[in-house]
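>
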Amino acid sequence: MSLPADELSSCAAWLGIICYSLQIYFDFSGYSDMAIGLGRMFGFKILENFNFPYISKSIKEFWRRWHISLSSWFRDYVYIPLGGSRMSNSRTYINLIIVFLITGFWHGSTWSFVIWGAFHGLFLIIEKIGFDKILLKLPPTLRWMYTIIIVMLGWVLFRIEEIDVALNYIGKLFSFDFSSPNSAVKFLDKEALFIIAIAILSSSQFFEWGRAQINRIKVIPAPVLSLSKDLFLISIMLYSVILINSGSYNPFIYFRF
Numbered sequence: 001m002s003l004p005a006d007e008l009s010s011c012a013a014w015l016g017i018i019c020y021s022l023q024i025y026f027d028f029s030g031y032s033d034m035a036i037g038l039g040r041m042f043g044f045k046i047l048e049n050f051n052f053p054y055i056s057k058s059i060k061e062f063w064r065r066w067h068i069s070l071s072s073w074f075r076d077y078v079y080i081p082l083g084g085s086r087m088s089n090s091r092t093y094i095n096l097i098i099v100f101l102i103t104g105f106w107h108g109s110t111w112s113f114v115i116w117g118a119f120h121g122l123f124l125i126i127e128k129i130g131f132d133k134i135l136l137k138l139p140p141t142l143r144w145m146y147t148i149i150i151v152m153l154g155w156v157l158f159r160i161e162e163i164d165v166a167l168n169y170i171g172k173l174f175s176f177d178f179s180s181p182n183s184a185v186k187f188l189d190k191e192a193l194f195i196i197a198i199a200i201l202s203s204s205q206f207f208e209w210g211r212a213q214i215n216r217i218k219v220i221p222a223p224v225l226s227l228s229k230d231l232f233l234i235s236i237m238l239y240s241v242i243l244i245n246s247g248s249y250n251p252f253i254y255f256r257f
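Quick note: the sequence shown uses the working numbering, first residue 1, plus one each step.
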């Protein structure tokens, strides 16, 4: 997403926002997991902060899975004191917008963060008005596609501080322009494809599903399966350390907030 949108094809623009969506999730989720692990070493039990948010099938579900500690804090100390959902529909919608405008301000003082918060608040209101009932009638795949597209469009606003540049990037996503020399293929090699594939599978429940299936049919003994999982995680960690050491300084994204 560092190149101007005008220099990208539509596929390259989608690749950029997909990769940023994965980056920000693993950046913050990994940071939270390290805090949870360190806390456990000292006897503190810190609750999970992310619960596979990218498998959500509504924006409401996404915010139950994404940054759970922040969502819970705003629910308990802002949304509920404002009246929550106990008041009229119009007041409930106002409460939601207030909460998500504050959520945007919490991340940063630029208008892009405020609009990002209002963007999510708007879709929560749309779902609360009745769209959630329509979603329940749709196939799970369509519900997931709706949610992940809205979330990724929100990440464009979150990542790009200049509103006109962000809107230009969103326009490129839906321009169906395949003539740009900066196509998605230009940015993909075997290493990038491998990393993206592992990231997508890890952000879903694929590995948990696979382990459950193996346990169900009892093809691999439980101790061997547990050892295989540990070895796989260690190998991924070592590979990540090698990439970090061979690259430039790359701090956590959420150190900004």
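All residues carry an ideal CB built from backbone N, CA and C; glycine is no exception.
DSSP three-state label for residue 58, please.
Here DSSP, grouped into helix, strand and coil, assigns residue 58 to coil.
> What residue from 6, 104 and 66 has the CA that sits closest to residue 26's CA?
66
> Measuring alpha carbon to alpha carbon, tell me which of 218, 55, 107 and 128 ends up nearest residue 140.
55
> Going by other Cβ atoms of all chains shown within 10 Å of its Cβ, with 16 needed for buried, is residue 172 buried or exposed?
buried
> Runs of 4 residues minimum, wholly inside the region 48–99: which ones carry the alpha helix (DSSP H) assignment?
Note on the region 48–99: whole alpha helix (DSSP H) runs with a minimum of 4 residues are 59–65 and 68–74, in chain order.
> According to DSSP, is residue 161 part of a helix, a strand, or is it coil?
coil
> According to the neighbour-count rule (16 or more other Cβ atoms, all chains shown, within 10 Å of its Cβ), is residue 166 buried or exposed?
buried
> Determine the DSSP secondary structure at residue 18, reduced to helix, strand or coil.
helix
> What is the rounded straight-line gap between the Cα of residue 36 and the Cα of residue 69?
12 angstroms
> In the DSSP assignment, find the unbroken alpha helix (DSSP H) run with residue 219 in it and report its ends.
Counting along the chain, residue 219 falls outside any alpha helix (DSSP H), and DSSP gives it neither H nor E.
> Does the structure place the region 40–51 close enough to the region 205–220 that three or more beta carbon pairs sit under 8 angstroms?
Under the three-pair Cβ rule at 8 angstroms, the region 205–220 does not count as touching the region 40–51.
> Could you tell me whether the region 130–144 touches the region 103–111, where touching means 3 or more Cβ pairs closer than 8 angstroms?
no
> In angstroms with no decimal places, state the Cα-to-Cα distance between residue 209 and residue 108.
37 angstroms
> Between the C-alpha atoms of residue 53 and residue 219, what's the straight-line distance to the nearest angstrom?
Whole-angstrom Cα-Cα distance: 30 angstroms.
> Taking 8 angstroms as the cut-off, decide whether the C-beta atoms of residue 125 and residue 93 are in contact.
yes
> Less than 8 angstroms between the beta carbons of residue 237 and residue 18, yes or no?
no
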